[in-house]
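> Protein chains in written order, with our numbering: chain A, 3 to 294; chain B, 543 to 848.
Glycine included, each C-beta is placed from N, C-alpha and C at the ideal position.
Below, the structure is given as structure tokens:
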């Protein structure tokens with residue numbers, strides 16, 4: 003695969019598109035089971051996660067916290083509230099048991115509403131508080147470089163957490179240290195918790211902001227898996243510069259009545275919502291609901 | 543103390559190739575030797591305390607032993623959430639060093655006063671809080687803090703603090719007996735140890751010998767020694783350069799509330815107010831009644847009433 007790194011197997015683009023639909027169906031089912039929201043951000047980053055986990059990241063199951071391969075890429079899932087899609091991808095790739103998904107957000111689950119490294123040791127970091135992922139990735143990247151370890155450090159950020167000043171402290175540091183092993187992917191779904199990204203940021207461009215901070219940056223269609231993979235294959239875009247990929251996505255992507263609405267940051271789907279969503283997606287959840 | 547810190551740090555980094563030093567753009571000329579010898583392990587993140595903590599946390603998660611350094615007020619309060627979420631919660635071995643806590647930078651004003659740092663840091667689960675009082679305690683405790691697993695807050699004074707003798711070495715987690723005595727126990731932390739020692743000498747000259755303990759480790763609190771002290775004295779006076787909430791007194795008051803003892807407990811320290819006026823540390827201590835002479839005067843009155 004990309005950069006000559008190992009992947010266990012490869013999938014065709016059609017297979018990956020099907021996986022994306024299944025992951026989305028799984029997210030809606032998990033939200034329904036747990037009566038939890040946060041579907042907007044979970045659905046918007048599915049294609050990015052599928053591209054990363056099936057086609058680019060050097061991570062392979064089995065992987066447990068005490069047998070982690072030091073050469074693995076460090077993937078920091080910073081937009082913690084959106085973790086339904088991460089959990090679903092981890093289960094589908096065989097990192098965690100499928101049936102854990104039915105316990106999502108239940109008491110003492112290894113899959114809480116925001117990822118917790120104490121509950122799920124294979125994570126690089128816990129998440130849930132926004133604006134920390136990029137900084138953590140740069141700290142890991144600095145250490146790995148001193149260790150002559152070529153593993154890449156990838157942070158998936160929400161556009162909302164780019165409101166946080168700490169994200170830009172990290173951006174400054176990565177550029178100052180010419181960290182081309184660092185990749186930031188911004189899930190630019192344009193919908194935040196109660197507001198819209200563009201109005202909160204004065205309509206300024208993420209790509210231009212990252213460039214101004216010394217990064218190499220490109221914008222992609224965050225739902226076009228082939229385009230995401232092609233772009234990932236060119237990372238780092240420039241030597242001695244960190245890479246930013248701005249992925250233009252739609253909040254709630256894949257389900258027409260959820261797309262691009264602030265409401266679905268919070269709302270948990272009803273039975274009717276679930277049925278309609280699964281019908282639209284033309285896919286089933288990857289786990290059997292109710293068998294925790 | 544800063545010299546003791548930079549020298550101890552240099553020694554630790556010479557012995558352990560995984561020790562790294564991260565500064566929030568502070569420590570002018572203090573760490574030149576370190577930077578020269580270990581350029582890759584000296585990281586100036588700029589005036590970016592959040593990023594300072596991220597670099598430390600990220601490096602610790604990769605098995606490094608990072609020390610993050612800034613002025614105490616900025617090191618603790620500015621990146622508090624980073625410390626809570628990225629250091630304390632994952633229990634990473636990051637040593638956060640706060641320089642010039644208390645009113646060290648008295649004339650710089652409220653921005654530079656760190657008299658809520660113990661409250662902030664002791665509030666965090668997993669966080670050790672270690673406040674040395676002299677260069678000797680820096681030299682003894684920094685290696686112990688670095689060797690311990692999990693995060694710690696460690697403070698460093700300025701220059702020229704006198705070294706003191708003690709009855710026993712400084713052991714992480716254990717209150718240190720500075721002077722044996724009776725009737726009244728003076729319990730202190732950080733550089734107030736020196737003011738308390740001045741008070742001890744004054745009291746000794748009039749025939750009063752209080753027990754004097756340095757609680758360099760504020761968290762975890764050495765309740766075993768507190769239990770023993772409470773058996774031997776009638777009154778405990780806690781001397782602290784910290785606001786009333788969340789400092790050494792607050793921790794000892796919590797212990798006292800549930801301990802099986804009738805020992806009297808009193809506090810000398812600043813009130814719950816910002817110290818306005820940009821006043822020198824020593825003058826502030828005098829005004830607040832926590833310089834050696836004031837501590838001695840308070841203890842004399844107390845002693846006579848016992």
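Distance cutoff 9 Å, beta carbons only. Does residue 677 of chain B sit that close to anything in chain A?
Answer no: the Cβ-Cβ gap between residue 677 of chain B and chain A never drops below 9 Å.
> Which residue spans inside the region 760–819 of chain B form an unbroken alpha helix (DSSP H) run of at least 4?
Segments of the alpha helix (DSSP H) lying fully in the region 760–819 of chain B: 765–774, 790–800.
> For the beta strand (DSSP E) that contains residue 608 of chain B, what are its first and last residues?
Element bounds for residue 608 of chain B: 607–613.
> Answer with buried or exposed for residue 267 of chain A, where buried requires no fewer than 16 other C-beta atoms within 10 angstroms of its C-beta.
Counting Cβ neighbours within 10 Å, residue 267 of chain A comes out buried, since at least 16 surround it.
> Residue ranges of each beta strand (DSSP E) run of no fewer than 3 residues wholly in the region 140–212 of chain A, ordered along the chain?
List check, beta strand (DSSP E) in window: 155–160, 184–190.
> Using the C-alpha atoms, what's the distance from residue 74 of chain A back to residue 50 of chain A?
Roughly 19 Å separates the two Cα atoms.
> Is residue 595 of chain B closer than 9 Å to residue 567 of chain B when the C-beta atoms are compared?
No, Cβ-Cβ distance for residue 567 of chain B and residue 595 of chain B is not below 9 Å.
> List the residues of chain A that residue 592 of chain B touches, going by C-beta distances under 9 Å, in chain order.
Per Cβ cutoff of 9 Å: 133, 134, 137, 166, 167, 168, 171, 172.
> In the region 546–595 of chain B, which residue ranges form an unbroken alpha helix (DSSP H) of at least 4 residues, counting only runs that do not cross its ends?
Qualifying alpha helix (DSSP H) stretches, in chain order: 574–579.
> Give the residues of chain A in contact with residue 627 of chain B, contact being defined as C-beta atoms less than 7 Å apart.
Going along chain A in sequence order, the residues near residue 627 of chain B (Cβ under 7 Å) are 131, 134.
> I want to know whether the region 212–220 of chain A touches the region 189–199 of chain A - three or more CB-CB distances under 8 Å.
No, because fewer than three Cβ pairs between the region 212–220 of chain A and the region 189–199 of chain A fall closer than 8 Å, the two stretches do not touch.
> Report the rounded CA-to-CA distance for residue 140 of chain A versus residue 176 of chain A, giving the unit in angstroms.
One C-alpha to the other measures close to 6 Å.
> Counting only the same chain and skipping the five closest in sequence on each side, list residues whose C-beta sits under 8 Å from that of residue 889 of chain B.
Residue coverage of chain B in this structure runs from 543 to 848, which leaves residue 889 of chain B outside it and unanswerable.
> So for residue 228 of chain A, helix, strand or coil by DSSP?
Three-state DSSP puts residue 228 of chain A in a helix.
> Output the boundary residues of the alpha helix (DSSP H) element that contains residue 43 of chain A.
Where residue 43 of chain A is concerned, the enclosing alpha helix (DSSP H) stretches over 41–46.
> How close, in whole Å, do the beta carbons of residue 745 of chain B and residue 775 of chain B come, if the pair is a contact with beta carbons under 8 Å?
At roughly 14 Å, the Cβ-Cβ gap does not stay under 8 Å, so residue 745 of chain B and residue 775 of chain B are not in contact.
> Only counting the same chain, and skipping five residues up and downstream in sequence, which positions put a Cβ closer than 8 Å to that of residue 265 of chain A?
So no residue of the chain qualifies.
> Identify the continuous alpha helix (DSSP H) that holds residue 262 of chain A and give its terminal residues.
Where residue 262 of chain A is concerned, there is no enclosing alpha helix (DSSP H), given that its DSSP letter is neither H nor E.
> Between A/251, A/291, A/179, which has its C-alpha nearest residue 199 of chain A's C-alpha?
Residue 199 of chain A has its Cα closest to that of A/251, out of A/251, A/291, A/179.
> Would you identify the three-state DSSP class for residue 49 of chain A, choosing helix, strand or coil?
The answer is helix: DSSP assigns residue 49 of chain A an H, G or I state.
> Which residues, in order along the region 599–630 of chain B, keep a beta-carbon less than 9 Å from a beta-carbon of chain A?
Residues 599, 600, 601, 602, 603, 604, 605, 606, 608, 621, 623, 624, 626, 627, 628.
> Please tell me whether residue 657 of chain B has its Cβ less than 9 Å away from any Cβ of chain A.
Not an interface residue.
> Go ahead and pull the three-state DSSP assignment for residue 827 of chain B.
Here residue 827 of chain B sits in helix by DSSP.
> What whole-angstrom Cβ distance do residue 676 of chain B and residue 704 of chain B have, given they're in contact under 8 Å?
Between residue 704 of chain B and residue 676 of chain B the Cβ distance is about 7 Å, and since that is below 8 Å, they are a contact.
> Give the single residue among B/802, B/751, B/748, B/733 whose Cα lies nearest to the Cα of residue 766 of chain B.
Comparing Cα-Cα distances from residue 766 of chain B to each of B/802, B/751, B/748, B/733, the minimum goes to B/802.
> Check residue 821 of chain B in the structure and name its three-state DSSP category.
Correct three-state label for residue 821 of chain B: coil.
> I want to see whether chain D comes within less than 9 Å of residue 119 of chain A, judged by CB atoms only; does it?
The chain inventory of the structure shown lacks chain D, comprising the protein chains A and B.
> So, with DSSP's three-state summary, where would you put residue 501 of chain B?
Outside the shown range of chain B (543 to 848) lies residue 501 of chain B, about which nothing can therefore be said.
> Going by DSSP, what residues sit across from residue 721 of chain B in a beta bridge?
Residue 721 of chain B is bridged to B/754.
> Answer with yes or no whether the minimum CB distance from residue 246 of chain A to chain B is below 9 Å.
No, its Cβ sits nowhere closer than 9 Å to a Cβ of chain B.
> Under a Cβ-count criterion, where at least 16 other Cβ atoms within 10 Å of its own Cβ denotes burial, should residue 17 of chain A be classed as buried or exposed?
Exposed, by the Cβ-count rule.
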